[in-house]
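Counted from 1, the sequence shown has number 404 at position 403 by the working numbering; the numbering is strictly sequential. Heads up, the beta-carbon is just placed ideally off N, CA and C, and yes, glycines get one too. Take a look at the structure below.
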Amino acid sequence: MPNVIYMGGFHCKPSKPLPQHLEDFVQSSGDHGVIVMSLGSLIGQLPHDVANLIAEAFAEIPQKVIWRYKGERPSTLGNNTLIMDWMPQNDLLGHPKTRVFVAHGGTNGIQEAIYHGVPILGFGLIWDQPDNLAKMRVKGVAKNVKFATVDKDSFLLTLREVLHDPSYRENMQRLSRLHRDVPIKPLDNAVFWIESVMRHGGAAMNGQKMQISGLVLLSLLVASVYTGKILAFPVDGSHWINMKILIEALHAKGHNITVIRASDSWYIEETSPLYTSITLPIAGIFEKEFIQNVISRLLEIMREGSTWARLKLEKEMWDQSVEMFEKERRVNYLELIQAADLWLFRVDFVFEFPRPTMPNVIYMGGFHCKPSKPLPQHLEDFVQSSGDHGVIVMSLGSLIGQLPHDVANLIAEAFAELPQKVIWRYKGERPSTLGNNTLIMDWMPQNDLLGHPKTRVFVAHGGTNGIQEAIYHGVPILGFGLIWDQPDNLAKMRVKGVAKNVNFATVDKDSFLLTLKEVLHDPSYRENMQRLSRLHRDVPIKPLDNAVFWIESVMRHGGAAMNGQKMQISGLVLLSLLVASVYTGKILVFPVDGSHWINMKILIEALHAKGHNITVIRASDSWYIEETSPLYTSIALGKLNIFEQDFVRNTVSRRLEIIREGSTWARLKLEKEMWDTLLGPGVNYLELIQATDLWLFRVDFVFEFPRPTMPNVIYTGGFHCKPSKPLPQHLEDFVQSSGDHGVIVMSLGSLIGQLPHDVANLIAEAFAELPQKVIWRYKGERPSTLGNNTLIMDWMPQNDLLGHPKTRVFVAHGGTNGIQEAIYHGVPILGFGLIWDQPDNLAKMRVKGVAKNVNFATVDKDSFLLTLKEVLHDPSYRENMQRLSRLHRDVPIKPLDNAVFWIESVMRHG
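This is the structure in structure tokens:
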């Protein structure tokens, strides 16, 4: 829905240099690289058998392993595995030596893995993790292991697959490029839309129920046009990492922020220079011990394969949740969700599968991602010691600090068999199988490691943050999709070919090692993830900037509807992109003639200014499209019936007569003639539409009703609009002569140059009774009832007249160009919706309270005059239109710049 904003990966950032000891460990992996494993902050330990089998599997691989684990040290831990209570996950995933991320599938980790392009071996344990990893798997960037049945061999086999099949890394690197290639950073996007809600007062930017994962409630109380009061109720744990970044950005813009926190909050400090806190005595599902106990028991249950035990645990969780919520007053959550003006999503189209979203959905994935900083010297030394083999970074997030002993041991054992160095964020007991190539850390600078040139793979749980960082840095992922969104995240990465997932339930050393080696050695994983990284970074506006802009926009404009419904494309029939180089290309354009060429020519001018070579297909008898131009080369076809001026004008003239006569049969006959002329045989229009890479729609959420759109739909409405220029002197004199009454401007477009005599006369007679002056673009016979206050012109500078301060009303046919100009300049409309999209366009304006329509079939002088006087004298029409004008102009990137950016993005990324 329009108020759903994607902000995936907004926490991702370039990797910083690792601490020296960690860098030394990573470098010691040589060309084999490093596997990074983390099951998040909640899963600090694993059942002993699982920890041991993972450590044992790691010990058999030549890569070094860095495993974030807090459990008992696995007895099978190899020398190549470093167990850490915490590790800089983003920095490890961004390290060039990181080969695979063994992860639980949490959103943060998956986002970091995507950001850095590290394929994933995933344990999808609970909550969204299985779903996240499933998405990564489908995208070809991850392989999952089933925790319930995993053993050393299956874990090692899967790990080796992710390590050595280059498609996982290539796909993940492709996702990384896609994730980074956005016009605005996810965090900027989130902040923008939050402030947009604050600016515009929280009106209907409505969104359906969606996974918010990181932003539970954001309540905006308007304080002024530019700053406001923001109430945030964030999820604790690693999700606070994201929210804090957003809060920092909003605080920097001068907003006053209040954060609701639990009395026993894990991470949210009571006092901060960024916000004022309200501490509530919340217990139950937010207690860290409760969550970690649930996760620990769930991991054991997954390994045991007991459905009954899992159901019992889930019942305990629900009972705890119900007990907590029943203590409070009843809340209608559906109403709460529907009342949201803005949705900030911590994903982007690089991370997500294509799906429609409404205009108030702002993607801000990767807004937390940033370039890596230098690692601490000890970590840099460790990474450098890996030589050409590189480093594997492993983190299963902040919640999964430890793994079952058997899993930890098999992972460590697998790492020990690798030549890569491994940096493993792990707080569990040191695996007994830990190899010398593995550095275990309680915490690690994950972003800096993922951004390190020696990082080869990010072993991650599939959290959004980690995946976004992996995408940002182009590090492929080996994923453990354990819980929540993690399996789904990793499944997306797998489908994109940037990750391989391992099944936590069944993983053993061999399957883990095999999968890890696949991700390490199959160049496709890294190449794909690097491609995603380029896509993610290649955006016209940073995600955080975008978020901040839209948040402030809502604040400025009171939450007005960012709408989109069925749209007229009319203006861009075919845009075929032939890639010539990274920065410039050959563009083939087949535009609609007539007034729609006005739009296309503006776009062509902008593309030409960027150095592109443009070829335009035109009819030999084109009305407006010149054969020679410094902007393009033209290809002239024979006469095209659909573009013959006489055919179109005759059709319009007959249509007007039929409307006045009221003959349905005559209208149907005319429409059949049109379709027979327009549509040739042998064309599958559905296939033509589905094959289109990019749709540029000449509307925006101010113009349209709300409706979901796919990621390749770009709103460019009003891109032809511009500030008015001074009028010619004779026209300025006429306008000034109107005094305080002002001027009415009338134009029915380039196709309707004349009207039936009776209609022209009744309009002229009505105008003659007004004190306003009238400027009417009309090519027909001069009406006999024309008054002295009306100036008829063959052509007029419409945009300059609409922008004049004395213009009161625009009498128009409802074409897209004219309506967009009226919105831009804030002039209300009296509409004749005659043909094609015009009645639909005017109906939208009527619903928004900025226009009144007259029925051409039944109009007479009195009804026309009555309607015109209503629009003239009821101030609500002008006030509503001026509000739309403010909304239309208040955007983070101009429509024309946005259109050019995405055209070039398609050319850059194929």
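- Counting along the chain, T516 sits inside the alpha helix (DSSP H) bounded by residues 510–522.
- Taking a C-beta distance under 7 Å as the contact criterion, Y169 and A500 qualify as a contact pair.
- Spatial neighbours of I258 in its own chain (CB-CB distance under 7 Å, excluding positions within 5 residues in sequence) are listed in chain order as I231, A233, I248, L251, H252, L275, Y276.
- Rounded to whole angstroms, the gap between the alpha carbons of L126 and K849 is 48 Å.
- In terms of Cα proximity to S373, the closest of M173, N81, I904, Q447 is Q447.
- F156: not part of any beta strand (DSSP E); member of the alpha helix (DSSP H) spanning 153–165, first to last residue.
- Judged by their CB atoms, I424 and F193 are not nearer to each other than the 7 Å cut-off.
- Comparing C-alpha distances from A341 to each of L545, K313, P360 shows the shortest one belongs to P360.
- Among the bridge pairs identified by DSSP, H96 is matched with none.
- A check of alpha carbon separations from D891 across F550, R879, F811 identifies F550 as the nearest.
- Cβ contact annotation for A506 (same chain, cutoff 6 Å, sequence separation greater than five): K147, F148, A149, T150, V151, M303, in chain order.
- In this chain, Q385 is not harboured by any beta strand (DSSP E); it is covered by the alpha helix (DSSP H) spanning 378–385.
- Taking the C-beta atoms as reference points, M8 is found nearer than 7 Å to A191.
- Here A135 has P488, D489, A492 as same chain residues with Cβ atoms under 6 Å from its own Cβ, once five neighbours each way along the sequence are excluded.
- Across the set K65, Q64, H49, the C-alpha of H49 shows the shortest separation from the C-alpha of T77.
- Taking a cut-off of 8 Å for Cβ pairs, the segment 832–842 and the segment 871–890 do not touch, as fewer than three such pairs fall below it.
- By the 16-neighbour rule on beta-carbons within 10 angstroms, P167 is buried.
- The beta-carbon separation of G79 and E418, rounded to 7 Å, stays under the 8 Å limit for a contact.
- Taking a 10 Å sphere around the C-beta of Q28, we find 16 or more other C-beta atoms and assign the residue as buried.
- Residue pairing for H462: DSSP places it in a beta bridge opposite H105.
- In the structure shown, R457 falls within a strand segment according to DSSP collapsed to helix, strand and coil.
- Judged by DSSP in its simplified three-state form, Y878 adopts helix.
- Straight through space, the alpha carbons of N109 and W444 are spaced by roughly 15 Å.
- In terms of Cα proximity to L897, the closest of Y716, M244, R495 is Y716.
- Here the C-alpha atom of H406 lies approximately 35 Å from the C-alpha atom of F354.
- Contact fails between the segment 431–440 and the segment 93–101, because fewer than three Cβ pairs, one in each stretch, are under 8 Å apart.
- Residue state for S42 is assigned as strand, using DSSP reduced to three classes.
- In the three-state reduction of the DSSP assignment, W777 falls in the strand class, which pools E and B.
- Taking C-beta atoms as the reference points, G402 and G10 fail to come closer than 7 Å.
- Looking at I261, L281, L450, P235, the one whose alpha-carbon comes closest to that of V66 is L450.
- Counting other Cβ atoms within 10 Å of its Cβ, E301 reaches 16 or more and is therefore classed as buried.
- For F735, the enclosing alpha helix (DSSP H) has its first and last residue at 730–737.
- Residues G125, G482, P488 of the same chain have their beta carbon placed closer than 6 Å to that of P131, with the five preceding and five following residues left out of the count.
- In this structure R532 is in contact with R175, their Cβ atoms being roughly 3 Å apart against a cut-off of 8 Å.
- By the 16-neighbour rule on beta-carbons within 10 angstroms, D701 is buried.
- Taking the CA atoms as reference points, K774 sits about 13 Å from H805.
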